[in-house]
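Listed in order, the protein sequences are those of chains G and V. Going by this note's numbering, the first residue of the first sequence is number 46, and it counts up by one from there. Going by this note's numbering, the first residue of the second sequence is number -3, and it counts up by one from there. We put the CB at the ideal spot given by N, CA and C, even for glycine. Taking it in order: structure first as structure tokens, then the write-up.
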Amino acid sequence: MVKVLALVFLFGFSPQVFAHPTSFEGARILMSENNSEETRTQLLYSYRYWLAFGVEHQTLAEDGSEMKIARVNTLLNRWLMEDSQANIYLGLAAGQYQHLHHQKDVQVVDVQVDWESRKYYVMLMESLKKIDGLDEQGASLQRLGFAPYLGEFKDLNIWYILERKKQEARPESFVQYLRFYHRNVLWEVGYGPRSGSNFNFMIHF
Amino acid sequence: MLKKMIFVMVGVLVSVSAWAGGVKTYGVEGMVCAFCTQGIEKSFLKEPQVQAVEVSLEKKRMSLTFKDGQALTDAQVAEILKKAGYKMTALKE
């Protein structure tokens, strides 16, 4: 039991942040984040452009622990400007954390703020996770991106993204990504000294 | 009487054809990414009056091609854009 607790604190779970938490009304969103430390998959339905709900599954490679949660994301506000937009989102999730034969309730809350134009992108996220019987665990994530050229909807768009993650009791980590997106499909390939190769993708359908 | 009826019918036909069908272009604010575009496109393609949607991120505008004899008012277009999370704005040249 002590070993389980130690592993949770040592490795934790990082927030999933590489895409908008809600989408257009009626959109179904499948997204996945994969690296040597963890795998995370989310399936969401955007009931309104400001409200989405779905399920999420996360596993940690080091100890095989996993988390299965139901999630609700809401767009608290959007600021529309001529050449950019800014958003603030709130995410709430609850479910089960499991390691070996131990199962505990888990709740997650996260707040995400972003600003983007056709050329630049900034995102900040703060996340708090509470596993039953354990102290709360916080995590933060920041992303900066830019597009070397401006593409239209039908073009292949390419971005450079730099990501920084910081979880309690763990050193900060950096990952550099190339993001590609074409129409309704987005994928990212990246590398970080700690997480190794990263591959993320998202599909709206 | 007959002449009057014909005159009224021609007037109605002319006004309907002037109103309906064809292409209309609108300015859109805050549209900065491909997923924004997809959302707007899908929102309007759900409307029975709309035949096609063309969106330009560079020009910050969208064009709706309406089916023959059909149209949406500006107020209806603004409402659909609002439900998609965007705002209609003046066209910029």
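Asked                                                                                                                           : Found
Enclosing alpha helix (DSSP H) for glutamine 34 (chain V) [first to last residue]                                               : 30 to 41
Reference valine 220 (chain G); option with closest CA among G:Trp95, G:Ala97, G:His227 and G:Phe244                            : G:Phe244
Pair within 8 Å by beta-carbon distance, glycine 71 (chain G) and glutamine 87 (chain G)                                        : no
Where the alpha helix (DSSP H) containing lysine 78 (chain V) begins and where it ends                                          : 70 to 79
Option in V:Gly65, V:Cys29, V:Ala86 and V:Tyr22 with minimal Cα separation from valine 49 (chain V)                             : V:Tyr22
Identified DSSP bridge partners for leucine 208 (chain G)                                                                       : The question names leucine, but residue 208 (chain G) in the sequence shown is glutamate. Answer by DSSP bridge pairing, in chain order: G:Arg188 and G:Val220.
Euclidean distance between Cα positions of histidine 249 (chain G) and arginine 188 (chain G)                                   : 22 Å
Residue-level contact to chain V via CB, leucine 55 (chain G), 8 Å cutoff                                                       : Confidence in leucine 55 (chain G) is poor, its pLDDT being 38 and thus under 50, which makes the residue's placement unreliable; the coordinate value appears in the next sentence. Taking Cβ atoms only, chain V never reaches closer than 8 Å to leucine 55 (chain G), which makes this a no.
The segment 110 to 119 of chain G touching the segment 143 to 163 of chain G, judged by at least three CB pairs closer than 8 Å : yes
First through last residue of the beta strand (DSSP E) which encompasses threonine 119 (chain G)                                : 111 to 125
Under 9 Å by beta carbon: chain G residues contacting glutamine 93 (chain V)                                                    : The question about residue 93 (chain V) has no answer here: the residues shown for chain V are numbered -3 through 89.
Option nearest tyrosine 94 (chain G) by Cα separation, candidates V:Ala80, V:Lys0 and V:Val73                                   : V:Ala80
Beta-carbon separation (whole angstroms), isoleucine 206 (chain G) vs valine 151 (chain G), contact threshold 8 Å               : Their Cβ separation, rounded to whole angstroms, is 28 Å, which puts isoleucine 206 (chain G) and valine 151 (chain G) out of contact at 8 Å.
Own chain partners of valine 11 (chain G) with C-beta closer than 6 Å, once the 5 adjacent residues on each side are dropped    : Because residue 11 (chain G) is not part of the residues shown, which for chain G are 46 to 250, the question remains open.
Three-state class that DSSP yields for proline 193 (chain G) in the structure shown                                             : coil
Assigned exposure category for leucine 60 (chain V) - 16 Cβ within 10 Å defines buried                                          : buried
Positions along the segment 127 to 153 of chain G whose CB lies within less than 8 Å of some CB in chain V                      : Glu127, Asp128, Ser129 and Gln130
C-beta neighbour in chain G for alanine 48 (chain V), strict 8 Å                                                                : no
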